[in-house]
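Visitor:
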Amino acid sequence: MSCTSAFPHLKQPTPLPWPRFQPPRVYSFGMNRRINKFGLTKVCQRKRIPQRMSRLVQAIAVPVTPSSASPLNDNLSDLQLLAERYGFQQIAEPLPDEVTVRDIVTSLPKKVFEIDDMKAWGSILTSLTSYTLGIFMIAKAPWYLLPLAWAWTGTAVTGFFVIGHDCAHKSFSKNKLLEDIVGTLAFMPLIYPYEPWRFKHDQHHAKTNMLHEDTAWQPIWKEQVESSPILRKALIVGYGPLRPWMSIAHWLVWHFNLNKYRASEKKRVMISLAAVFAFMGIAWPLIIYKAGITGWIKFWLMPWLGYHFWMSTFTIVHHTAPHIPFKSSDEWNAAQAQLNGTVHCDYPRWIEILCHDINVHIPHHISPKIPSYNLRAAQESLNDNWGKYLNKARWNWRLMRTIMTTCHIYDKEENYVSFEKSMPEESQPISFLKRVMPNHA
22 MSCTSAFPHL KQPTPLPWPR FQPPRVYSFG MNRRINKFGL TKVCQRKRIP QRMSRLVQAI
82 AVPVTPSSAS PLNDNLSDLQ LLAERYGFQQ IAEPLPDEVT VRDIVTSLPK KVFEIDDMKA
142 WGSILTSLTS YTLGIFMIAK APWYLLPLAW AWTGTAVTGF FVIGHDCAHK SFSKNKLLED
202 IVGTLAFMPL IYPYEPWRFK HDQHHAKTNM LHEDTAWQPI WKEQVESSPI LRKALIVGYG
262 PLRPWMSIAH WLVWHFNLNK YRASEKKRVM ISLAAVFAFM GIAWPLIIYK AGITGWIKFW
322 LMPWLGYHFW MSTFTIVHHT APHIPFKSSD EWNAAQAQLN GTVHCDYPRW IEILCHDINV
382 HIPHHISPKI PSYNLRAAQE SLNDNWGKYL NKARWNWRLM RTIMTTCHIY DKEENYVSFE
442 KSMPEESQPI SFLKRVMPNH A
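Quick note: the sequence shown, position 250, residue 271 per my numbering, numbers continuous.
1. What would DSSP say about E447, mapped onto helix, strand or coil?
2. For the beta strand (DSSP E) that contains V364, what are its first and last residues?
3. Output the distance between the C-alpha atoms of L396 and R415, rounded to the nearest integer angstrom.
4. In chain order, what residues of the same chain have a beta carbon less than 6 Å from the beta carbon of Y394, not counting five sequence neighbours either side?
5. I451 and I257 - do their beta-carbons sit closer together than 8 Å?
6. From H186 to L273, what does the alpha carbon distance come to, in whole angstroms?
7. So what does DSSP say about F277, is it helix, strand or coil?
8. Would you kindly work out how many angstroms separate the C-alpha atoms of N278 and Y107, rounded to a whole number?
9. When the Cα of K176 is compared with those of L375, C428 and E401, which residue comes out closest?
10. Specify whether the segment 336 to 355 and the segment 223 to 232 touch according to this definition: at least 3 beta carbon pairs, one from each stretch, less than 8 Å apart.
11. K311 by DSSP, collapsed to three states: which one?
12. From this set, C366, T315, M323 and K281, which residue's C-alpha is nearest H340's C-alpha?
13. Take I156 and list the residues in its own chain whose beta-carbon comes closer than 8 Å to its own, dropping the five residues that flank it on each side.
14. Taking the alpha-carbon positions, what's the W142 to A398 distance?
15. Just verifying my parser: in three-state terms, what is the DSSP assignment at R370?
16. Do I430 and K243 have their C-beta atoms closer together than 8 Å?
17. Which residue marks the beginning of the beta strand (DSSP E) containing V438, and which one marks its end?
18. Under 8 Å between the Cβ atoms of T336 and S268?
19. In terms of residues, what are the limits of the beta strand (DSSP E) holding I430?
20. Apply the 10 Å Cβ neighbour rule to G302 and answer buried if 16 or more other Cβ atoms are within range, or exposed otherwise.
21. Is it true that the segment 128 to 137 meets the segment 423 to 438, where meeting means three or more beta-carbon pairs spaced less than 8 Å apart?
22. When you compare only the Cα positions, how much space is there between Q466 and L100?
23. In the structure shown, what three-state DSSP assignment does N57 receive?
24. Let me know if N460 comes out buried or exposed under the rule of 16 or more other beta-carbons within 10 Å of its beta-carbon.
25. Within 10 angstroms of its Cβ, does E200 collect 16 or more other Cβ (buried), or is it exposed?
26. So what does DSSP say about K413, is it helix, strand or coil?
27. Hey, could you find the ends of the alpha helix (DSSP H) F109 is sitting in?
28. Can you check whether the CB of I212 is closer than 8 Å to the CB of V297?
29. Just reading off the alpha helix (DSSP H) that M209 is part of, what are its end residues?
30. Name the one or two DSSP bridge partners that I241 has.
31. Do you know how far the Cα of G362 is from the Cα of P346?
32. Which of the three DSSP states is assigned to K348 in this structure?
33. By DSSP, does M231 sit in helix, in strand, or in coil?
34. Can you list the beta strand (DSSP E) stretches of 3 or more residues lying completely in the segment 246 to 296, in chain order?
35. On the three-state DSSP scale, how would you describe E135?
Below you can see the structure in the form of C-alpha cells.
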C-alpha cells in the first residue's frame, strides 16, 4: 500500500490525521490510572490483569506494542511533563505499527533528494574558510583566548566530517569516484579512516537502536559492569564525565581492527588506513618541525579534541534518551526506530552552519540520500505530516545532564538504569555530575 493511497492528504502542509484506531479491550472498562517512574499515565484493566502485573510496558517513543500500549489521545499532558523533565521540547507519540519507512519517504518532496553541485562545493568552501580562520586565530590569539580559538576550530573541522559523511551516503555528488576521493580527503585530518567508518555507519542506519547490532551508542550491559572492577570503573567515568569524548574510544575500537571487516571490504579499508597514516607521517612531523610539540598540541590536538566533543555530543543526542529504547531484533520496527527513535535538536546557529546541519537528523535517518543542505526542507515536511511523532529538543544543560547521569545500563522494562541506582557505592563520578551540572533547559 503506497503512502499516497493510504494517506491522500500528505501533500498538504498540515499535520497528518491518522485513521481512527480502536484501542484494545484492556482500555475499555474498569480502568485505573497509574504513574510509572517516567511520569507517564498507564492504564490497565483490573479484571483482566492481575494486580501483580499492573506495571505495563512503556509507551513512549518506540513502545513494545505501540498500538496497544497507549491510545493516541491519551497521555499528552504527561508527555509534555516528561519532555520538560528530560530537557526536551517535545516527546514523540508512538508511531502506529502499520506505518513503514516507505510511507514516510514518499511523503517527502522530491526536491529534497536532488544533488546540487554548487551547494555541495559551497559546503567545502565554508569548511575550508572557517578552518583557515581558526588556525589563524590559534596562531595570533593570546593564551587566555586560545580556548575560544580551539572551540571555533574544532567546530569548523567537524564540518569536514559532515562532508565526508555526505560522500559516504552518496549524497554529495553524482560522480561516485569523486565522492570517495573527497570523503577520504575530508577524513584524513581527523585521522578517521573513511571506508571502515562507512561500512560500520551503514550498519547503524540499517539497524538503528537495535540491541547488539547498532554500531553507534549501545547501552551498557549488566554483564559488562559485573565482569571486571577495572572495566566497571572505566565505564562509569566514560559514560559519565568523559562521555562528550567517548567517540575517541569508539574510533579506536571500531575503525582500525581488520578483523571487524569482511574479506570483500578489506582492500578499501586498507586504502583508507594508508591515507590517515600518510597524514600522520607527513603533516605531524611538519607541524612539529615548524612549531614543536607545543605547536602540535595547539594546532592539531586541541582542535581534534574539539571535533570529538561534537562527534560525541551530536551522536549521543541523536538517539539517546531515557524514553528511547533499544529493541531486540524480534521486536524492532524500522519506521519506529528511525522516526520515533531519532531526535531533532537545535544548536546555536553558528554551530549548525559550520557543521552543515548534521543536527537535523530525523530526515537523514528516514533517507540517508538527502544531502545535508536539503535537511531543513525535509524536516519542515516531516513537521507538517508527522509532527506529533517527532522527538524535538534544543541543546541545553538539562538535556545533557539527563543523558550523562541516567542513560547507562540496559534494562528491558525501564530502557536504562543509572549507575547511581544500580551501584551507588561506586557512582561518585555520576553524583559529582549531578551536583555540578546546571539543571535548567
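Built from N, CA and C at the ideal position, the CB exists for glycine as well.
Note that the structure is predicted; figures quoted are calculated from it, not measured.
Guide: Taking the coordinates as given:
1. helix
2. V364 to D367
3. 17 Å
4. K140
5. yes
6. 18 Å
7. coil
8. 37 Å
9. The displayed chain sequence assigns Thr, not Lys, to residue 176. Closest option to T176, Cα to Cα, is L375.
10. yes
11. helix
12. C366
13. T174 and F320
14. 19 Å
15. helix
16. yes
17. N436 to V438
18. yes
19. I430 to D432
20. exposed
21. no
22. Only positions 22 to 462 of the chain appear in the structure, and residue 466 is not among them; the question remains open.
23. Note that N57 scores a pLDDT of 44, beneath 50, so its modelled location is shaky; the value from the coordinates is reported in the next line. Correct three-state label for N57: coil.
24. exposed
25. buried
26. strand
27. Taken as a continuous stretch (DSSP letters only), F109 belongs to no alpha helix (DSSP H), being part of the beta strand (DSSP E) at F109 to Q111.
28. yes
29. M209 -> no alpha helix (DSSP H), and no H or E assigned at all.
30. I430
31. 8 Å
32. strand
33. strand
34. none
35. coil
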